[in-house]
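Residue numbers (our numbering): 7 to 309.
We put the CB at the ideal spot given by N, CA and C, even for glycine.
These numbers were taken from a predicted model, which means no experiment stands behind them.
Encoded as structure tokens, the structure appears first; notes follow it.
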């Protein structure tokens with residue numbers, strides 16, 4: 007994920023270096039043939055590439071908007087995961103209670119909160135088709151780690167473990183039914199966010215739409231030198247590179263944004279967000295014993 011505000015120029019043009027090389031060679035060849043062999047009959051009025059370029063611009067703008075919508079939806083989903091993870095930790099810390107066995111309760115709370123950290127990492131790695139177990143095993147017990155082997159999607163198994171512990175807390179009387187409903191609602195929102203991420207991941211951007219735009223763009227590039235050669239002469243090649251470079255950059259941007267979970271530099275920074283969740287939840291666990299300020303009663307004097 008590109009987290010810097012200033013993107014290196016080398017990175018930008020590195021994505022289209024082969025396309026630019028092809029355009030430069032093609033434009034130079036057209037210019038040499040046009041000048042040396044005095045072939046002036048093959049020139050094309052600029053109206054033709056102008057109209058075609060306008061159409062391609064509209065198509066690229068539409069595709070870029072659709073790709074950005076997918077990327078922005080993914081970022082909103084992970085923003086909701088941040089909020090719901092903090093809510094889950096707060097509910098676990100302050101709603102679950104048993105004055106007769108505080109040590110067991112503290113272990114129970116810590117287990118759920120650590121498991122939530124593992125869930126965030128599991129979802130992030132799962133969306134990228136990576137093995138999440140190295141990060142999961144740091145936060146769950148060996149028994150829970152063993153039970154996750156039956157799940158293809160480890161984040162689904164972790165949610166099931168959450169639900170089992172919530173049900174056990176209700177049976178033990180550590181929470182009342184109303185508290186359990188609120189805690190389960192938070193769990194439901196996490197499941198909803200998980201499903202939305204999987205929908206974006208598994209919904210492929212229409213390949214035919216991309217193919218048609220790509221073919222039209224290359225046809226536009228093949229025609230453009232014949233319209234520029236009479237106007238710019240030997241400057242035709244750099245002008246051609248600048249114009250086509252803009253089109254190629256917009257196309258590449260749309261391609262990268264349309265799949266926000268593919269571990270590309272432009273994808274949603276899921277691991278960075280997971281590390282922030284880990285930091286916040288650990289701090290909440292440490293601060294649960296913070297002293298509460300008690301307001302002193304006011305004294306009134308009747309004269």
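From the options, residue whose alpha carbon lies closest to that of residue i
{"i": "residue 236", "options": "39, 280, 23, 26", "result": "39"}
{"i": "residue 64", "options": "129, 219, 250", "result": "219"}
{"i": "residue 21", "options": "58, 289, 208, 272", "result": "272"}
{"i": "residue 110", "options": "133, 178, 146, 95", "result": "178"}
{"i": "residue 157", "options": "176, 132, 145, 37", "result": "132"}
{"i": "residue 199", "options": "213, 180, 161, 216", "result": "161"}
{"i": "residue 229", "options": "42, 53, 43, 25", "result": "53"}
{"i": "residue 81", "options": "34, 274, 186, 291", "result": "274"}
{"i": "residue 144", "options": "167, 75, 117, 221", "result": "117"}
{"i": "residue 195", "options": "85, 212, 43, 29", "result": "85"}
{"i": "residue 241", "options": "34, 27, 106", "result": "34"}
{"i": "residue 102", "options": "214, 181, 277, 149", "result": "181"}
{"i": "residue 134", "options": "183, 23, 50, 277", "result": "277"}
{"i": "residue 231", "options": "56, 23, 43", "result": "56"}
Rounded separation between residue i and residue j - CA only
{"i": "residue 97", "j": "residue 155", "result": "28 Å"}
{"i": "residue 189", "j": "residue 260", "result": "39 Å"}
{"i": "residue 302", "j": "residue 90", "result": "Here the model assigns residue 302 a pLDDT of 47, short of 50, so the residue's position is not dependable, and the following value carries that caveat. Whole-angstrom Cα-Cα distance: 35 Å."}
{"i": "residue 227", "j": "residue 197", "result": "47 Å"}
{"i": "residue 5", "j": "residue 207", "result": "As displayed, the chain neither begins before 7 nor continues past 309, which places residue 5 out of reach and without an answer."}
{"i": "residue 87", "j": "residue 151", "result": "22 Å"}
{"i": "residue 245", "j": "residue 252", "result": "11 Å"}
{"i": "residue 60", "j": "residue 225", "result": "13 Å"}
{"i": "residue 266", "j": "residue 204", "result": "11 Å"}
{"i": "residue 249", "j": "residue 78", "result": "28 Å"}
{"i": "residue 25", "j": "residue 209", "result": "28 Å"}
{"i": "residue 19", "j": "residue 291", "result": "46 Å"}
{"i": "residue 120", "j": "residue 193", "result": "15 Å"}
{"i": "residue 289", "j": "residue 92", "result": "11 Å"}
{"i": "residue 264", "j": "residue 214", "result": "15 Å"}
Opening and closing residue of the alpha helix (DSSP H) in which residue i lies
{"i": "residue 240", "result": "Where residue 240 is concerned, there is no enclosing alpha helix (DSSP H), given that its DSSP letter is neither H nor E."}
{"i": "residue 144", "result": "No alpha helix (DSSP H) holds residue 144; DSSP gives it neither H nor E."}
{"i": "residue 387", "result": "Here the chain comprises residues numbered 7 to 309, so residue 387 is not present and cannot be evaluated."}
{"i": "residue 36", "result": "23-42"}
{"i": "residue 286", "result": "276-292"}
{"i": "residue 150", "result": "148-153"}
Coarse secondary structure for residue i, derived from DSSP in three states
{"i": "residue 116", "result": "helix"}
{"i": "residue 52", "result": "coil"}
{"i": "residue 171", "result": "helix"}
{"i": "residue 134", "result": "coil"}
{"i": "residue 211", "result": "coil"}
{"i": "residue 180", "result": "coil"}
{"i": "residue 267", "result": "coil"}
{"i": "residue 104", "result": "coil"}
{"i": "residue 71", "result": "helix"}
{"i": "residue 109", "result": "helix"}
{"i": "residue 273", "result": "coil"}
Segment contact flag, the segment 228-248 with the segment 275-283, C-beta cutoff 8 Å, min 3 pairs | no
Meets three-Cβ-pair contact criterion under 8 Å: the segment 112-127 and the segment 250-259 | Verdict: no, contact absent.
Decide yes or no for the touch test of the segment 167-185 against the segment 66-74: beta carbon pairs closer than 8 Å, at least 3 of them.
-> The segment 167-185 and the segment 66-74 do not touch, with fewer than 3 CB-CB distances between them shorter than 8 Å.
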